[in-house]
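Every number in the numbering used here is 102 more than the matching position in the sequence shown, counting from 1.
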Amino acid sequence: MPQLLLVEDDPAIRTALARALSERGHGVRTEPTGMAGLQAAVDDRPDLVVLDLGLPDVDGCVLLSMLRAVSDVPVIVATARDDERETVRALDAGADDYIVKPFAAEHLDARIRAVLRRGTAAEPTATFAVGALSVDVRARTAVLEGRPLDLTRLEFDLLAHLAARPGVVVSKKELLADVWHQPYGGADKTVDVHLSWLRRKLGESASAPRYLHSVRGVGVKLLAPP
Ligand code: CA
Numbered sequence: 103m104p105q106l107l108l109v110e111d112d113p114a115i116r117t118a119l120a121r122a123l124s125e126r127g128h129g130v131r132t133e134p135t136g137m138a139g140l141q142a143a144v145d146d147r148p149d150l151v152v153l154d155l156g157l158p159d160v161d162g163c164v165l166l167s168m169l170r171a172v173s174d175v176p177v178i179v180a181t182a183r184d185d186e187r188e189t190v191r192a193l194d195a196g197a198d199d200y201i202v203k204p205f206a207a208e209h210l211d212a213r214i215r216a217v218l219r220r221g222t223a224a225e226p227t228a229t230f231a232v233g234a235l236s237v238d239v240r241a242r243t244a245v246l247e248g249r250p251l252d253l254t255r256l257e258f259d260l261l262a263h264l265a266a267r268p269g270v271v272v273s274k275k276e277l278l279a280d281v282w283h284q285p286y287g288g289a290d291k292t293v294d295v296h297l298s299w300l301r302r303k304l305g306e307s308a309s310a311p312r313y314l315h316s317v318r319g320v321g322v323k324l325l326a327p328p
């Protein structure tokens, strides 16, 4: 049973969510403050943390950075409103996904399952097919419409990472961590530059995307063209 840590200061939301998530087969521990949540995350090593960004004792994004310094536990942040800047700040600080309040418990449960699946996905040793694009991770070859693509090592890694998660928005932070194995510097243009090179090799552009779609302020996803 996945063990969740729910950090939420609102007692009504906390109680209702804890009950709903337990009913859906999760083990749930709750904490009402950021610092108690951080301590619990270190002590209990949960499988996933659901973190309310609006906490009384510490800014949610600051707390997330503190947590990231000691743990790589998957984190879903709950934001009070659809605030793009706050969401980007949370993703930059190391959140794996976000959900906008108010939300239904079943919606959060679906996000939790998706994030946990991502975490336990087998090492990429398979072939991924997205539309007319196929990526063979073991052979390190990519073919688009029957034509082999001439990719650099990083371009291939970038494409393979996205092809393994078709339709999923992947943040630049995640790409830097998983493809470049680098921490995110905020102003880093590395990912943008390589994405634009990859786009060119796929025969498309940011203004006329077919496979590679930027989601402004959040990240990028790979999709089969309609
Ligand atoms: Ca709150």
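Idealized CB from N, CA, C, for every residue including glycine.
Would the beta-carbon of residue i fall within 8 Å of that of residue j?
i           : j           : result
residue 131 : residue 163 : no
residue 331 : residue 292 : Because the chain in this structure spans residues 103 to 328, residue 331 falls outside the shown range and cannot be described.
residue 211 : residue 123 : yes
residue 253 : residue 235 : no
residue 231 : residue 239 : no
residue 107 : residue 151 : yes
residue 196 : residue 215 : no
residue 109 : residue 139 : yes
residue 295 : residue 262 : no
residue 129 : residue 103 : yes
residue 105 : residue 145 : no
Taking 7 Å as the limit between beta carbons, can you name the residues of its chain near residue i, skipping five residues before and five after?
i           : result
residue 327 : 233, 312 and 313
residue 269 : 323 and 325
residue 217 : 150, 176, 178, 198 and 199
residue 115 : none
residue 332 : Because the chain is modelled from 103 through 328, residue 332 falls outside the range shown and cannot be assessed.
residue 330 : Because the chain is modelled from 103 through 328, residue 330 falls outside the range shown and cannot be assessed.
residue 120 : 108, 130 and 132
Among the residues of its own chain, which have a CB less than 8 Å from the CB of residue i, if the five just before and after it don't count?
i           : result
residue 126 : 207, 208 and 211
residue 315 : 322, 323, 324 and 325
residue 184 : 202
residue 200 : 178, 179, 180, 181, 189, 192 and 193
residue 271 : 317, 320, 321, 322 and 323
residue 300 : 253, 257, 260, 261 and 314
residue 250 : 243 and 244
Please go through the same chain and pick out, in chain order, the residues whose beta-carbon is closer than 6 Å to the beta-carbon of residue i, but skip the five residues on each side of it.
i           : result
residue 285 : none
residue 160 : 136
residue 134 : 111
residue 213 : 178, 199 and 201
Below 8 Å on the Cβ atoms is my guess for residue i versus residue j; work out the distance and round it to an integer in Å.
i           : j           : result
residue 166 : residue 177 : 6 Å
Which runs of the beta strand (DSSP E) at least 3 residues long sit entirely within the segment 228 to 307? Give them in chain order.
Scanning the segment 228 to 307 from its first residue to its last, the whole beta strand (DSSP E) runs of 3-plus residues come out as 229 to 232, 235 to 238 and 243 to 246.
Only counting runs of 4 or more residues, tell me where the alpha helix (DSSP H) segments fall wholly within the segment 130 to 169, in order along the chain.
The segment 130 to 169 contains these whole alpha helix (DSSP H) runs: 136 to 146.
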